[in-house]
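For what it's worth, our numbering labels the leading residue of the sequence shown as 18, then goes sequentially. Where is the CB? At the ideal position from N, CA and C, for every residue including glycine. In this text, all values refer to a predicted model and were calculated from it rather than measured experimentally.
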Amino acid sequence: MVSSSVVRLAGFGWQAEVLPAYGMNLIRLARSGSELLRTPEGETQLRREPQVYGMPLLLPPNRTAGGAFTFQGTTYHLPINEPVYGNHIHGSLARMPFRVTEQTATSVTGFYENRGERYPFPFAITVTHCLTETGTQHLFTLCNTGPKTMPLAFGLHIAFRAKPFFAVPIGQRWEVDERYIPTGRLLPLTSEETAYRDGSDACSGKLIRGFYTAAGHTARIGGLCMNAAEPFNQWVLWNGDGTQDFICIEPMSGAVNALNSGVGLVQLQPGEAKTYTVRLYPWLP
Numbered sequence: 018m019v020s021s022s023v024v025r026l027a028g029f030g031w032q033a034e035v036l037p038a039y040g041m042n043l044i045r046l047a048r049s050g051s052e053l054l055r056t057p058e059g060e061t062q063l064r065r066e067p068q069v070y071g072m073p074l075l076l077p078p079n080r081t082a083g084g085a086f087t088f089q090g091t092t093y094h095l096p097i098n099e100p101v102y103g104n105h106i107h108g109s110l111a112r113m114p115f116r117v118t119e120q121t122a123t124s125v126t127g128f129y130e131n132r133g134e135r136y137p138f139p140f141a142i143t144v145t146h147c148l149t150e151t152g153t154q155h156l157f158t159l160c161n162t163g164p165k166t167m168p169l170a171f172g173l174h175i176a177f178r179a180k181p182f183f184a185v186p187i188g189q190r191w192e193v194d195e196r197y198i199p200t201g202r203l204l205p206l207t208s209e210e211t212a213y214r215d216g217s218d219a220c221s222g223k224l225i226r227g228f229y230t231a232a233g234h235t236a237r238i239g240g241l242c243m244n245a246a247e248p249f250n251q252w253v254l255w256n257g258d259g260t261q262d263f264i265c266i267e268p269m270s271g272a273v274n275a276l277n278s279g280v281g282l283v284q285l286q287p288g289e290a291k292t293y294t295v296r297l298y299p300w301l302p
């Protein structure tokens, strides 16, 4: 569909397509003929905005203020790729080519190793997408391959097609400054945001943008549930300009700008690994 290197999976009523060349992105997912994710029309579109289609990887997720952070007495710099606000945003894993290490009709595993060129700490990441009888499972394992403790914030920018209902267990909203960096202050939900938590039909036609603590781990979009287990502890909601018929429901481990604030930041010791798990399955009333 998008690239000749697409890996196609099918089984148990699910159909999926994965792009190893674009960060092992689960670029398409369908169940019984119903398309669930926002899929690009072609590779040019994906190359231009790899973070707004499918299930792209974010490391570090969302924004790092000024593209800089200090950890254990050393200051590190990331590219300023959001120049309008002077921030680093989303990292570059969504553009990185993975090597497929295992593949069956219903699952695929890919591997990528960063030696410090994409993030200033060496690490290896293994991604597995798997179709099962009960739904789909997505595993993301990151291992610190360097000699120093590694600060880790990780997330997924999952772009769902707009459905007539969604509910996400958000807790409190992070107040942000003019650069969309959290100030450190947590605010109660507005009436609209309470509807996002309890159930809303406002996927499109209205601008949605907010950073939230997690008050639970299972969201619903139409007839699909998404469980993002610990250590995911934050949610971000975003639907572009509100007119493009999609909504990103983004589980994150670590708050926006966690490399500076430390909120939810994981510290991986040399040789230590951390696995993040997301499951998608049909909603049963």
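Inter-residue spacing [alpha-carbon to alpha-carbon] between residue i and residue j
| i | j | result |
| --- | --- | --- |
| serine 208 | arginine 190 | 12 Å |
| asparagine 98 | threonine 81 | 10 Å |
| glutamate 119 | histidine 174 | 24 Å |
| cysteine 147 | arginine 202 | 39 Å |
| glycine 127 | phenylalanine 115 | 6 Å |
| aspartate 215 | alanine 179 | 17 Å |
| glycine 288 | asparagine 131 | 14 Å |
| lysine 165 | alanine 212 | 44 Å |
| leucine 254 | threonine 56 | 18 Å |
| tryptophan 252 | alanine 122 | 32 Å |
| glutamine 261 | serine 51 | 18 Å |
| arginine 112 | leucine 204 | 34 Å |
| glutamate 195 | glycine 259 | 20 Å |
| glutamate 60 | valine 185 | 31 Å |
| serine 217 | glutamate 247 | 25 Å |
| phenylalanine 183 | leucine 75 | 23 Å |
| glycine 188 | arginine 237 | 16 Å |
| leucine 241 | arginine 226 | 21 Å |
| serine 124 | leucine 206 | 39 Å |
| alanine 38 | histidine 155 | 17 Å |
| glutamate 58 | serine 221 | 20 Å |
| leucine 224 | proline 302 | 28 Å |
| alanine 27 | alanine 245 | 23 Å |
| proline 181 | phenylalanine 263 | 11 Å |
| glycine 133 | glutamate 210 | 39 Å |
Beta-carbon contacts of residue i that lie in its chain and below 7 Å, excluding the five residues immediately before and after
| i | result |
| --- | --- |
| threonine 149 | Phe29 |
| phenylalanine 249 | Ala231, His234, Pro268, Met269, Ser270, Tyr293 |
| glutamine 286 | Asn161, Thr166 |
| valine 193 | Pro199, Thr200, Phe228 |
| proline 100 | none |
Residues of its chain near residue i, where Cβ-Cβ distance is below 8 Å and the 5 sequence neighbours each way are ignored
| i | result |
| --- | --- |
| valine 23 | Glu34, Val35, Leu36, Ile44 |
| leucine 282 | Pro168, Leu169, Ala170, Gly271, Ala275, Leu276 |
| glutamine 284 | Thr166, Met167, Pro168, Leu169 |
| proline 299 | Arg48, Gly152, Gly240, Leu241, Cys242 |
Extent of the continuous beta strand (DSSP E) run through residue i
| i | result |
| --- | --- |
| asparagine 131 | 124-131 |
| leucine 63 | Per DSSP, leucine 63 belongs to no beta strand (DSSP E); it is in the alpha helix (DSSP H), 60-65. |
| histidine 155 | 153-161 |
| tryptophan 255 | 251-255 |
| glycine 172 | 171-173 |
| isoleucine 142 | 140-148 |
| glycine 227 | 226-231 |
| leucine 26 | 24-28 |
| isoleucine 97 | First-last for isoleucine 97: undefined, no H or E at that position. |
| cysteine 220 | Here cysteine 220 belongs to no beta strand (DSSP E), and DSSP marks it neither H nor E. |
| methionine 269 | 263-270 |
| histidine 107 | Unbroken run through histidine 107: none, as it is neither H nor E. |
| methionine 113 | From DSSP, methionine 113 is part of no beta strand (DSSP E); its letter is neither H nor E. |
| phenylalanine 182 | Neither: phenylalanine 182 is in no beta strand (DSSP E) and is coded neither H nor E. |
| methionine 41 | Neither: methionine 41 is in no beta strand (DSSP E) and is coded neither H nor E. |
| methionine 243 | 241-245 |
| isoleucine 238 | 235-238 |
Chain-order list of residues whose beta-carbon lies under 6 Å from that of residue i (same chain, five-residue window excluded)
| i | result |
| --- | --- |
| phenylalanine 138 | Gly163, Met167 |
| valine 280 | Ala272 |
Residue range of the alpha helix (DSSP H) that includes residue i
| i | result |
| --- | --- |
| glutamate 209 | 208-215 |
| leucine 276 | 275-278 |
Nearest neighbour of residue i, chosen from the options [CA to CA]
| i | options | result |
| --- | --- | --- |
| proline 77 | Gly59, Trp300, Glu60, Pro96 | Pro96 |
| leucine 110 | Tyr129, Tyr93, Val117 | Tyr129 |
| tyrosine 136 | Ser124, Leu26, His155, Gly84 | Gly84 |
| alanine 176 | Leu46, Cys265, Ala219, Arg296 | Cys265 |
| lysine 291 | Gln154, Asn161, Leu206 | Asn161 |
| alanine 47 | Tyr93, Ala38, Gln32 | Gln32 |
| tyrosine 197 | Ala219, Pro299, Tyr229 | Tyr229 |
| leucine 159 | Tyr93, Gly152, Gly172 | Gly172 |
| valine 117 | Arg25, Pro199, Gly133 | Arg25 |
Pair every Cβ in the region 66-73 with every Cβ in the region 41-52, then say whether three or more of these pairs are closer than 8 Å. yes
For the region 88-106 against the region 140-158, do three or more pairs of beta-carbon atoms, one drawn from each stretch, fall closer than 8 Å, so that the two count as touching? no
Inter-stretch contact (C-beta, 8 Å, three-pair minimum) for the region 55-68 and the region 87-94: no
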